[in-house]
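Below is one structure, written out as structure tokens; comments come after it.
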Amino acid sequence: MKAVIPAAGLGTRFLPLTKEQPKEMLPVVDRPAIHWVVEEAVRSGARDILIITGREKRAIEDYFDASYKLNYYLRKNGDARGLETLEMISRMANIHFVRQREPRGLGDAILQAETYVGDEPFLVILGDTINVADIPVALQLIETHRALDEKTVVAVEKVAQEKISSYGIVAATPESAHLLRIQSLVEKPDPKDAPSDWGISGTYVLAPEIFGCLRETFPDRRGEIQLTDALQMMVRKGEPVFGYIFDGRRYDIGTKLDWLKAHLELTLMREEFREPLIQLMMKYLGAGHGTEAEGVQVLDRTESLGLALHDADDDV
């Protein structure tokens, strides 16, 4: 299955940090955010990946391209580990790029992939979404999609009341412990008007019929075409759309605070950083305020995710 990664947003909430670099290239632990996204797609079986970019996003293309000058330098200086890391990045998958000419929303970005995808279902992972799970969230969706006769499946999770207005929200009925049959979707509703607290969480397996619905979808008040609105059109036309309650943890790096939280928690999952970082946190929290217990709780939380990230340097 082909994968599409939209990464064309302007990243205005991160200014001035994103004035000269894409939001998707912000570091999370020891690699840019979009590396985590591509890695999930690859772990889920995708070998052909299309990244939708915009203006001033050339750094993303450069990151996944071979760097012959740097490779030569590393080889000359005997840095076999560094050379292997760079070569693995450039060989992760067959990665292609297409530019969204102007920022007209997620739906318009997905439309740019129509020629590449063709008449086949495809995986979508947003470029600012990092999923962490024993079984990749994208793979969970792909397997569910296949079990449902290749119907559209979107990842959903419970959303806190104060964040509902930042999500696409679904009204749905349960089909099983992990599966919801979606009746309607609404983009970023006022919390008091939201049909539920089930939010779309940035990973999708879409049937090719989505392209026709996207072309028929009217822009919103900001002039953007929303994927949520196109999914709602699919439902109205009688096309089944399902929500999947995934196993794992999602990190949304759409705001500075969420990015910092992701950076901290994912760093704590790394064996070589965990203890020194906990000690530093305890130092700044101050002695005598239960900080040792808090530190243990943080350790327990990161360890309980059951992730083999201690050897992430070897996996790249």
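So for the sequence shown, the working numbering puts the first residue at 1; every next one is plus one. Glycine is no exception: its CB is placed at the ideal position from the N, C-alpha and C atoms.
First and last residue of the uninterrupted alpha helix (DSSP H) at residue i
i, result
"His-145", "137-147"
"Val-159", "No alpha helix (DSSP H) holds Val-159; DSSP gives it neither H nor E."
"Phe-218", "Per DSSP, Phe-218 belongs to no alpha helix (DSSP H) and is neither H nor E."
"Arg-274", "271-285"
"Thr-267", "256-268"
"Ala-59", "58-64"
Residue range of the beta strand (DSSP E) that includes residue i
i, result
"Ser-184", "179-187"
"Arg-249", "249-252"
"Pro-225", "The question names Pro, yet the displayed sequence has Ile at residue 225. Where Ile-225 is concerned, there is no enclosing beta strand (DSSP E), given that its DSSP letter is neither H nor E."
"Asp-48", "48-53"
Bridge partners - residue i, DSSP secondary structure assignment
i, result
"Gly-199", "Glu-157, Ile-169"
"Gly-243", "Val-154, Leu-180"
"Leu-206", "Phe-122"
"Pro-174", "Leu-180"
"Ile-5", "Ile-51"
"Val-132", "Arg-249"
Sub-8 Å separation of residue i and residue j beta-carbons
i, j, result
"Val-117", "Lys-2", "yes"
"Leu-260", "Leu-268", "no"
"Ile-169", "Gly-243", "no"
"Lys-23", "Gly-9", "yes"
"Ile-60", "Ile-89", "no"
"Gly-127", "Thr-217", "no"
"Val-37", "Ile-142", "no"
"Pro-219", "Ile-210", "no"
"Leu-185", "Thr-228", "yes"
"Ala-41", "Leu-123", "yes"
"Ala-93", "Arg-47", "yes"
"Asp-197", "Val-159", "yes"
"Pro-174", "Leu-180", "yes"
"Leu-266", "Val-4", "no"
"Pro-191", "Ser-166", "no"
"Leu-26", "Ile-253", "yes"
"Ala-171", "Pro-195", "yes"
Residue i Cβ short of 7 Å to the ligand FMN heavy atom set
i, result
"Gln-226", "The ligand FMN is absent from the structure shown, which contains no ligand whatsoever."
Enumerated in chain order, which unbroken segments of the alpha helix (DSSP H) with a length of 4 residues or greater are wholly contained in the region 7-46?
Correct list: 33-43.
Report yes or no: do the region 122-137 and the region 248-263 share at least 3 C-beta pairs separated by less than 8 Å?
These segments touch.
Threshold first: 3 residues or longer. Then list the beta strand (DSSP E) segments lying entirely within the region 76-130, N to C.
Listed in chain order, they are 94-99, 122-125.
Could you check whether the region 44-62 touches the region 89-101, counting it as contact only if at least three pairs of C-beta atoms, one from each stretch, sit closer than 8 Å?
In this structure the region 44-62 touches the region 89-101; the number of beta carbon pairs closer than 8 Å is three or more.
Three Cβ pairs or more, each shorter than 8 Å: is that satisfied between the region 139-152 and the region 204-219?
Touching, per the Cβ criterion.
If we count Cβ pairs, one from each stretch, closer than 8 Å, do we get three or more for the region 108-117 versus the region 73-82?
Under the Cβ criterion (8 Å, minimum of three pairs), the region 108-117 does not count as touching the region 73-82.
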